[in-house]
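Here is the structure we will look at, set down as structure tokens.
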Amino acid sequence: MEFTLPIINNPVDHTKPVRPVRVPEAVETGKKAYIVTFGCQMNELDTQTMYGLLAGLGYEKTYDIEEADLILYNTCSVRENPERKVYGQVHSLKELKEKKPDLIIGISGCMPQSKVERQKLWERLPHVDLIFGTMNIHRLPELITQVQQTGQRVMEVWDEHGDIVEGLPVVREDKLKAFVTIIYGCDYRCSFCIVPQTRGRQRSRRAGYIINEVEQLAAEGYKEVTLLGQTVDAYGKDLGDGTTLASLLWRLNEIDGIERLRFMTSHPRDITDELIDCMRDAEKVMEQLHLPVQSGNDRILKLMGRRYNRRQYLELVEKLRANIPDLTLTTDIIVGFPGETEEEFEDTISLVKEVEYDSAFMFIYSPRPGTGAPNLPDHVPEEVKRERIHRLIEVQNEISARKNAAMVGSVQEVLVEGKNEKEPGMLNGRTRGNKIVTFPGGEELVGRIIPVRITRARTWTLVGEAEVPAVAGTA
Ligand code: SAH
Ligand code: F3S
5 MEFTLPIINN
15 PVDHTKPVRP
25 VRVPEAVETG
35 KKAYIVTFGC
45 QMNELDTQTM
55 YGLLAGLGYE
65 KTYDIEEADL
75 ILYNTCSVRE
85 NPERKVYGQV
95 HSLKELKEKK
105 PDLIIGISGC
115 MPQSKVERQK
125 LWERLPHVDL
135 IFGTMNIHRL
145 PELITQVQQT
155 GQRVMEVWDE
165 HGDIVEGLPV
175 VREDKLKAFV
185 TIIYGCDYRC
195 SFCIVPQTRG
205 RQRSRRAGYI
215 INEVEQLAAE
225 GYKEVTLLGQ
235 TVDAYGKDLG
245 DGTTLASLLW
255 RLNEIDGIER
265 LRFMTSHPRD
275 ITDELIDCMR
285 DAEKVMEQLH
295 LPVQSGNDRI
305 LKLMGRRYNR
315 RQYLELVEKL
325 RANIPDLTLT
335 TDIIVGFPGE
345 TEEEFEDTIS
355 LVKEVEYDSA
365 FMFIYSPRPG
375 TGAPNLPDHV
385 PEEVKRERIH
395 RLIEVQNEIS
405 ARKNAAMVGS
415 VQEVLVEGKN
425 EKEPGMLNGR
435 TRGNKIVTFP
445 GGEELVGRII
455 PVRITRARTW
465 TLVGEAEVPA
475 VAGTA
């Protein structure tokens, strides 16, 4: 069927370098923008970048959707649920749009990256003015201007980027901790995963740009930086100049003012000895690793296309723990992958018991169009998937609680992040392992790294007492 659209910007020549981008200074117009973010940290950072770009058009961030002149949905395709929510929520904006005809509604992120999905969005949500993809974010100011000037709907989705856009402005909410993407896309092809389709092939940023950005963050007072990538530990492989995640971390470790470095997500295949040594020896690199396992069964791992088996994964964990004794280890697990039998699921349970993760993100398998797994036989019934995930969550919760309880009595180095909004007089902070600690204290401690003695453990968080002099501000 032929599909006609009023304006679809043709994918321009992607091979042309697109940096540096011209970024207008923030201007005041009184206009407000509201962005709803689904999905991973990378989407969160994209949202912060969109706020940065919108500031140049005179849009200020608002927390009240009703007063927005521009509403954007930054979407996620990794599972079906967040996609369904987007349809529901955007649909319900119809009334608001009728009341405010000048309101601009846009959809960005991973959903428009699929041809089928973006046509569906376009047809089913006719009050949406603008649809654009993950690789068109830097084009946002032009796209908005186009909508404003023509009064027509605009769609622009590039499938692949020739170059990485550097120098985009970012409006960060947090003043202490910042995300920095260092590698885009993914070259693995896990059979359940849509990310390679939505984010394209693996592209590393040049180290110089990253170092400049982190130096800038340090100058602005940031204390902690988390380096982001779908397979962050593959960083540098495509640069061909010998740069690795470890070599980058060592350089960032030198930057005054930055106290803590983290990175996520790591693929088990890309953890090198060099990286393990760096985590052990570089003072500012935290002893924390997010290492998705997905399944504990070899047949399923093979069908998933994960490129490691149970034994190799367990050996890697052993090596990591031997070198980094205080390592906080977390993971992602998928339950109910096509064909997963009860015994194969129990292999996942036994792996979880053996590894004893500090915490885990556990997901019910969700078939994604365009990936390989939906074509596999013997899909697991929904109720079986649900029953399995409940069992797994129970096992993991018990382990998380036990590991936290073992920390009672220890003194942890905590970066104080801010007030605990629910408990007056209490502060929140994070340990080197990224666990949340709540403790009594005054706001003058925010931004400092202080020793906190752990007095009590909950399943997911810790409670403690700061071991600082009674007179604040003397450090
Ligand atoms: N490397 C990426 C992985 C992206 S998806 C990262 O940065 O985290 C995040 C997690 O979602 C995966 O590790 C996987 O556990 C889960 N996931 C991905 N596709 C899924 C699917 N089709 N169904 C259920 N869970 C999925
Ligand atoms: Fe997805 Fe596997 Fe890459 S989970 S992001 S295809 S490593």
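With the first letter of the sequence shown counted as 1, position 165 gets the number 169 in the numbering used here; the numbers rise by one all the way through.
Ideal Cβ positions, reconstructed from N, Cα and C, are used throughout, including at glycine.
Review point. Does DSSP put proline 455 in a helix, in a strand, or in coil?
Key: Taking the first residue of the sequence shown as position 1, residue 455 is located at position 451. Of the three classes helix, strand and coil, the one that applies to proline 455 here is strand, per DSSP.
Review point. Should glutamine 201 be listed as close to the ligand SAH, given that the test is whether its C-beta is under 8 angstroms from any heavy atom?
Key: Within the sequence shown, numbered from 1, the residue matching residue 201 stands at position 197. No, the Cβ of glutamine 201 stays beyond 8 angstroms of every heavy atom of the ligand SAH.
**Study point:** Pick from Ser363, Gly451, Asp167 that is closest to arginine 462, judged by C-alpha positions
**Key:** Walking along the sequence shown from the start, residue 462 turns up at place 458. Minimum Cα distance to arginine 462 is reached at Ser363.
Check your understanding: Do you know whose CA, among Arg284, Gln220, Leu318, Lys389, lies nearest alanine 482's CA?
Key -> Residue 482 cannot be examined here, being either before or after the span of the chain that is shown, 5 to 479.
Review point. Do asparagine 438 and leucine 431 have their C-beta atoms within less than 9 angstroms of each other?
Key: For the purposes of this step, residue 438 is taken as the residue at position 434 of the sequence shown. For the purposes of this step, residue 431 is taken as the residue at position 427 of the sequence shown. Here asparagine 438 is not near leucine 431, since their CB atoms are 9 angstroms or more apart.
Check your understanding: Under three-state DSSP, which class holds alanine 326?
Key -> Here residue 326 refers to the residue found at position 322 of the sequence shown. Residue state, collapsed to three classes: helix.
Check your understanding: Which partner residues does methionine 2 have in the DSSP bridge list?
Key -> What is shown of the chain runs 5 to 479, which leaves residue 2 out entirely.
Exercise for review: Could you please give the first and the last residue of the uninterrupted alpha helix (DSSP H) stretch that includes phenylalanine 349?
Suggested key: Start at 1 with the first residue of the sequence shown, and residue 349 comes out as number 345. DSSP places phenylalanine 349 inside the alpha helix (DSSP H), whose first and last residues are 346-359.
Check your understanding: Helix, strand or coil: which one does DSSP assign to lysine 98?
Key -> The count along the sequence shown starts at 1 and reaches residue 98 at position 94. In the structure shown, lysine 98 sits in a helix (DSSP, three-state: H, G or I).
Check your understanding: Between Gly340, Val289, Glu224, which lies nearest to arginine 255 when the distance is taken from Cα to Cα?
Key -> Taking the first residue of the sequence shown as position 1, residue 255 is located at position 251. Comparing Cα positions, the closest option is Val289.
Point to revise | Rounded Cβ spacing between isoleucine 440 and threonine 465 (contact assumed at less than 8 angstroms) | key: The residue labelled residue 440 in the question sits at position 436 within the sequence shown. The residue labelled residue 465 in the question sits at position 461 within the sequence shown. Confirmed, about 4 angstroms.
Point to revise | Separation of glutamate 127 from isoleucine 141, as counted between CA atoms | key: Along the sequence shown, one-based indexing puts residue 141 at 137. Along the sequence shown, one-based indexing puts residue 127 at 123. Cα-Cα distance, rounded: 22 angstroms.
Review point. Could you give the uninterrupted runs of the beta strand (DSSP E) lying entirely in the region 143-189, keeping only those of 3 residues or more?
Key: Within the region 143-189, the beta strand (DSSP E) runs of at least 3 residues that lie entirely inside it are, in chain order, 158-160, 181-185.
Check your understanding: Under the three-state reduction of DSSP, which class applies to proline 444: helix, strand or coil?
Key -> The sequence position of residue 444 within the sequence shown is 440, counting from 1. Assigned with DSSP and collapsed to three states, proline 444 falls in strand.
Review point. Quick one: is cysteine 190 buried, meaning 16 or more other Cβ sit within 10 Å of its Cβ, or exposed?
Key: Within the sequence shown, residue 190 is the residue found at index 186, counting from 1. So cysteine 190 counts as buried.
**Study point:** Three-pair Cβ contact test at 8 angstroms for the region 74-94 versus the region 30-45
**Key:** Output reads yes: the region 30-45 touches the region 74-94.
Review point. Who are the near neighbours of arginine 392 in its chain, counting only those whose CB is closer than 7 angstroms to its CB and skipping five residues on each side?
Key: Indexing the sequence shown from 1 puts residue 392 at position 388. So the list reads Val339, Gly340, Phe349, once near-sequence residues are dropped.
Practice item. Might you give, ordered along the chain, the residues of its own chain that have their beta carbon closer than 6 angstroms to the beta carbon of threonine 478, omitting 5 neighbours on each side? Key: The count along the sequence shown starts at 1 and reaches residue 478 at position 474. Annotation note: pLDDT 46 at threonine 478 (below 50); position unreliable, coordinate value reported separately. Excluding residues within five positions, none has a Cβ falling inside 6 angstroms.
Check your understanding: Using a Cβ-Cβ cut-off of 8 angstroms (strictly less than) and excluding sequence neighbours within five positions of isoleucine 108, which residues of its own chain qualify?
Key -> Counting from 1 along the sequence shown, the entry for residue 108 is found at position 104. Excluding sequence positions up to five before and after isoleucine 108, its CB lies within less than 8 angstroms of the CB of Asp73, Leu74, Ile75, Asp133, Leu134, Ile148, Val151, Gln152, all in the same chain and listed in chain order.
Review point. In or out: glutamine 156 buried (at least 16 other Cβ within 10 Å) or exposed?
Key: Taking the first residue of the sequence shown as position 1, residue 156 is located at position 152. Looking at its Cβ environment, which holds fewer than 16 other Cβ atoms inside 10 Å, glutamine 156 is exposed.
Exercise for review: Decide if arginine 205 is buried, meaning its Cβ has at least 16 other Cβ atoms within 10 Å, or exposed.
Suggested key: Counting from 1 along the sequence shown, the entry for residue 205 is found at position 201. In the assembly as shown, arginine 205 is an exposed residue. Its beta-carbon has fewer than 16 other beta-carbons within 10 Å.
Review point. Under a Cβ-count criterion, where at least 16 other Cβ atoms within 10 Å of its own Cβ denotes burial, should glutamine 117 be classed as buried or exposed?
Key: Position 113 of the sequence shown, counted from the first residue, corresponds to residue 117. Buried, because 16 or more other Cβ atoms sit within 10 Å of the Cβ of glutamine 117.
Point to revise | Reference glutamate 448; option with closest CA among Pro272, Gly429, Leu129 | key: Indexing the sequence shown from 1 puts residue 448 at position 444. By alpha-carbon distance to glutamate 448, the top candidate from Pro272, Gly429, Leu129 is Gly429.
Review point. Should isoleucine 214 be labelled buried (16 or more other beta-carbon atoms within 10 Å of its own) or exposed?
Key: Mapped onto the sequence shown, residue 214 falls at position 210. By the 10 Å Cβ count, isoleucine 214 comes out buried.
Review point. Which residue's Cα is closest to the Cα of proline 373: Tyr188, Gln201, Lys407?
Key: Against the sequence shown, residue 373 aligns to sequence position 369. The residue with the shortest Cα to Cα distance from proline 373 is Gln201.
Practice item. Please go through the same chain and pick out, in chain order, the residues whose beta-carbon is closer than 6 angstroms to the beta-carbon of tyrosine 63, but skip the five residues on each side of it. Key: Residue 63 sits at position 59 when you count from the first residue of the sequence shown. Counting only residues of its own chain and dropping the five nearest sequence neighbours on each side, tyrosine 63 has a CB closer than 6 angstroms to the CB of Lys35, Ala37, Leu74.
Point to revise | Inter-residue CB distance, arginine 480 and arginine 273 (contact presumed, cutoff 8 angstroms) | key: Lying before the first or after the last residue shown, residue 480 is absent from the chain, which here runs from 5 to 479.
**Study point:** Sequence-distant residues of its chain with Cβ nearer than 8 angstroms to proline 455 (five each side left out)
**Key:** Stepping through the sequence shown from its first residue, residue 455 is reached at position 451. The answer, listed in chain order, is Val415, Gln416, Glu417, Val418, Ala470, Glu471, Val472.
Review point. Pick from Leu331, Lys179, Glu360, Gln52: whose alpha carbon is nearest that of glycine 451?
Key: Mapped onto the sequence shown, residue 451 falls at position 447. Considering only alpha carbons, the answer is Lys179.
Practice item. Starting from the Cα of aspartate 486, find the closest Cα among Thr334, Val175, Tyr226 and give me that residue. Key: For the chain, the structure presents residues 5 to 479; residue 486 sits outside this window and is missing.
Check your understanding: Nearest to valine 345 by alpha carbon, out of Ile275, Asp382, Leu324, Gly246?
Key -> Translated into positions along the sequence shown, residue 345 becomes position 341. The residue asked about is misnamed: residue 345 is threonine in this sequence, not valine. Closest by alpha carbon: Asp382.
**Study point:** Contact shell at 6 angstroms, judged by CB to any heavy atom of the ligand SAH, ordered along the chain
**Key:** If you measure from each CB to the nearest heavy atom of the ligand SAH, the residues under 6 angstroms come out as Cys44, Val82, Arg83, Phe196, Cys197, Val199, Gln234, Thr235, Thr269, Pro296, Gln298, Asp336, Ile338, Phe367, Tyr369, Ser370, Arg372.
Exercise for review: Assuming asparagine 327 and alanine 286 form a contact by the criterion Cβ under 8 angstroms, report the distance between their Cβ atoms to the nearest whole angstrom.
Suggested key: Reading the sequence shown from its first residue, position 323 is the one you call residue 327. Reading the sequence shown from its first residue, position 282 is the one you call residue 286. That pair is no contact at about 13 angstroms.
Check your understanding: Can you name, in chain order, every residue of its own chain whose Cβ lies under 6 angstroms from the Cβ of serine 208, other than the five neighbours on each side?
Key -> Locating residue 208 in the sequence shown gives position 204, counting from the first residue. Result list for serine 208: Ile187, Tyr239, Gly240, Asp242, Leu243, in chain order.
Point to revise | Between the CA atoms of valine 120 and lysine 101 - distance to the nearest angstrom | key: Residue mapping note: residue 101 aligns to position 97 of the sequence shown, counting from 1. Residue mapping note: residue 120 aligns to position 116 of the sequence shown, counting from 1. One Cα belongs to lysine 101, the other to valine 120, and the distance between them is close to 25 angstroms.
Practice item. State yes or no: is the C-beta of tyrosine 192 nearer than 8 angstroms to some heavy atom of the ligand F3S? Key: The residue you call residue 192 lines up with position 188 of the sequence shown. Under cutoff, so the answer is yes.
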